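This report refers to the structure that appears directly beneath it.
In our numbering, the protein residues as written are 14 to 60.
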């Protein structure tokens with residue numbers, strides 16, 4: 014991790030975890046949209 018004071022580490026971890034969850038959600042939504050625009054992909058993804 015970058016130079017984060019020891020007492021702030023847990024807050025940084027929480028922020029990173031939220032960021033990762035948001036990215037995962039966005040990626041899932043993007044795949045859904047790509048499936049709508051490309052029916053073959055949608056079938057592969059079981060949509």
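Note that the Cβ used here is the ideal one computed from N, Cα and C, for glycine as well.
Bear in mind the structure is a predicted one, so any value in this text is a computation, not a measurement.
Assigned with DSSP and collapsed to three states, residue 20 falls in helix.
The three-state secondary structure of residue 51, taken from DSSP, is coil. In this model, residue 46 and residue 40 are separated by some 10 Å (Cα to Cα).
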